[in-house]
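So the sequences go chain by chain: F and B. Residue numbering for the first sequence follows my numbering, beginning at 1 and increasing consecutively. Residue numbering for the second sequence follows my numbering, beginning at 1001 and increasing consecutively. Every residue gets a Cβ at the ideal spot worked out from N, C-alpha and C, and that includes glycine.
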Amino acid sequence: MSQDPTNSFDDPTLQAALRSALGRERAPADLRARISAALDEVQASVAPHRAERRLLLFRSPMMGLAAAALVVIVVGLAIKFYGGGSGGGTKLVAVLPKPIAEAMVQVHDSTNVNDNPTLAANDATARQKALSTELGYAAIVPALGDGWSLKDAKTADINGFKSAQATYTRSDGQSISLFSIPANKAYSPEDGSTYEMSVDKHAIAGFVRNATMYCAVGSEGVKMDDLKKLTDALSKS
Amino acid sequence: MILPRAEFDRLALEHVDMLYRVARRLTRDAAGAEDLVQETFVRAFRAADKFELQSFGIRPWLIRIMHNLHFSRAERESRRPVAVEDEMLDAASAQEDSAEAGSGLADDVNEGMEALRSGLFQQLDDRIAEAVGELQPEYQTALLLWAVDGFSYKEIADACNVPIGTVMSRLHRARQKLARKLADYAKQQRLIPEQGDA
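In structure tokens form, the structure reads like this:
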């Protein structure tokens, strides 16, 4: 403790008890791996210090061993998911809160639109307007192309708040949900930020525009690269 | 003094555990804490060029980023509790204290601290952690930074963006409340006798 004269709260017994009770709490190894991967992305345009950072994160030998495998997995996923993405330039990678990501996957999985007829372009436009009016922010119900047919567009409950969900299917049975969510439901990511992550074998890709997050969730057979191409195109439209 | 990037990385990443412990107290759940820590690092790294190493080092700056992120988000989501003004904290504490005044507040505090000193809680870390977890997040953060991470009052004040007197008041209140909770537990478990026991 500091010897600052104003630091007069001197109770070594309490301090020792609290250290014993709370001081052993450590950040989980997978959090360290997540941070490392996120920082690699943030520093994409800066000479990376990856090896040095990982050594610092996992200085304890036990932690290092336990985390090494996780780092390998995360780096592998990063290469797999980011490797074929759009190249060059600095990307603003935002963190998609886990509860929101999991809720989107859950909602997507519970949505069955197989028997729905394909919505016509003017219906899509009408639903987009109606959803935006109802929700108070710009929901999108775009045509995706690449063989994707729009089957439904409605409100959906994501982790306790109302968002818009447009659902698409393809002839091979795969499906995508495109969610429009106010960005302040996460940590207010900056406009232009992108998301790329995987939850329960579902790829999630998205972007932020005008304080709204637009996130596409694919069924298990939809590849991250394909999803990224779609959301990249949407972000530029 | 503006730090070189590599030095910034080294300093910041030494504090993952500290940030996680504070995040657990603020969010009260593991998944939320992980998201908060990750976002704190992302924000810190983005702002690294603006960070200037001052007398307190990087720790209070990181905690401040985390606090701002957490409380600004909580404020937006009005269904969650936001940062509480200390007048309100004091008022709430005073209300609790007066409601239980008849049960011997000062005696309970002394008994709780005595139970700690005599080693009654030596094997009961979980119980202590649970009692800390029942305190207001502001009290928990102050206790944690002071006891576990060895912050000075000034560092806690800088990290939580409050006057130093507020830190002292929070620590005092937190200690009282914690001692009473421990005393209650010790009595329930008959680790110490109830008043009136033979």
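Check: For isoleucine 12 of chain F, which of B:Trp1146, B:Lys1177, B:Arg1170 and B:Ala1157 has the nearest alpha-carbon?
Finding: Checking the sequence, you will find proline at residue 12 of chain F rather than isoleucine. For the set B:Trp1146, B:Lys1177, B:Arg1170 and B:Ala1157, the Cα lying nearest the Cα of proline 12 of chain F is the one of B:Trp1146.
Notebook entry, point to check: For a contact meaning CB atoms closer than 9 Å, what does isoleucine 1128 of chain B contact in chain F?
Noted result: Here the neighbours are Ala17, Leu18, Ser20, Ala21 and Leu22.
Notebook entry, point to check: Is any beta-carbon of chain F found at less than 8 Å from that of leucine 1135 of chain B?
Noted result: Not closer than 8 Å to any Cβ of chain F, the Cβ of leucine 1135 of chain B fails to qualify, so no.
Next item on the list: Pick helix, strand or coil for tyrosine 168 of chain F, following the three-state DSSP scheme.
Entry: In the structure shown, tyrosine 168 of chain F sits in a strand (DSSP, three-state: E or B).
Notebook entry, point to check: Of the choices F:Gly160, F:Gly147 and F:Ala139, whose alpha-carbon is the least far from that of alanine 153 of chain F?
Noted result: When the alpha-carbon of alanine 153 of chain F is set against those of F:Gly160, F:Gly147 and F:Ala139, the nearest one is in F:Ala139.
Item checked: Range covered by the alpha helix (DSSP H) that runs through aspartate 10 of chain F -> Run containing aspartate 10 of chain F: none; DSSP gives neither H nor E here.
Checklist line | Nearest-angstrom beta carbon gap, threonine 169 of chain F and lysine 151 of chain F [assumed within contact, 8 Å] | finding: Rounded, the Cβ-Cβ distance is 6 Å, consistent with contact.
Item checked: Segment contact, 8 Å Cβ cut-off, at least three pairs: the segment 17-35 of chain F with the segment 1010-1017 of chain B -> Under the Cβ criterion (8 Å, minimum of three pairs), the segment 17-35 of chain F counts as touching the segment 1010-1017 of chain B.
Notebook entry, point to check: Would leucine 31 of chain F count as contacting chain B if we go by Cβ distances under 8 Å?
Noted result: Taking CB atoms only, leucine 31 of chain F has a neighbour in chain B less than 8 Å away.
Check: Below 8 Å, can you find three or more Cβ-Cβ pairs linking the segment 154-162 of chain F to the segment 193-208 of chain F?
Finding: The segment 154-162 of chain F is not in contact with the segment 193-208 of chain F.
Checklist line | Backbone secondary structure at serine 36 of chain F - three-state DSSP | finding: Residue state for serine 36 of chain F is assigned as helix, using DSSP reduced to three classes.
Check: Is the number of C-beta pairs between the segment 199-206 of chain F and the segment 214-224 of chain F that are closer than 8 Å three or more?
Finding: Cβ pair count under 8 Å is three or more, so yes.
Check: Going straight from the alpha carbon of leucine 131 of chain F to that of phenylalanine 179 of chain F, what length do you get?
Finding: Per the coordinates, the alpha-carbon of leucine 131 of chain F lies some 12 Å from the alpha-carbon of phenylalanine 179 of chain F.
Checklist line | Closer than 8 Å to chain B by CB, lysine 228 of chain F | finding: No, lysine 228 of chain F lies away from the interface with chain B (no Cβ there is under 8 Å from its Cβ).
Check: Which of the three DSSP states, helix, strand or coil, is assigned to isoleucine 158 of chain F?
Finding: It is a strand residue.
Notebook entry, point to check: What do you reckon, are the CB atoms on valine 1132 of chain B and glutamine 1140 of chain B nearer than 8 Å?
Noted result: Yes, Cβ-Cβ distance for valine 1132 of chain B and glutamine 1140 of chain B is below 8 Å.
Item checked: Residue-level contact to chain F via CB, valine 1148 of chain B, 8 Å cutoff -> So yes, valine 1148 of chain B belongs to the interface.
Item checked: Contact with chain F by aspartate 1049 of chain B, beta-carbon distance below 8 Å -> Chain F, which has no Cβ nearer than 8 Å to the Cβ of aspartate 1049 of chain B, makes this no.
Next item on the list: Can you tell me the Cβ-Cβ gap for alanine 1063 of chain B and valine 1022 of chain B, rounded? I've got them flagged as a contact below 8 Å.
Entry: With the sequence shown as reference, residue 1063 of chain B is identified as isoleucine, and alanine is not the correct amino acid for it. About 6 Å separates the two Cβ atoms, so the contact holds.
Item checked: Reduced DSSP secondary structure (H/G/I, E/B, other) of isoleucine 1164 of chain B -> The answer is helix: DSSP assigns isoleucine 1164 of chain B an H, G or I state.
Check: Buried or exposed: which applies to lysine 1181 of chain B, given that a residue is buried once 16 or more other Cβ atoms fall within 10 Å of its Cβ?
Finding: Result: buried.
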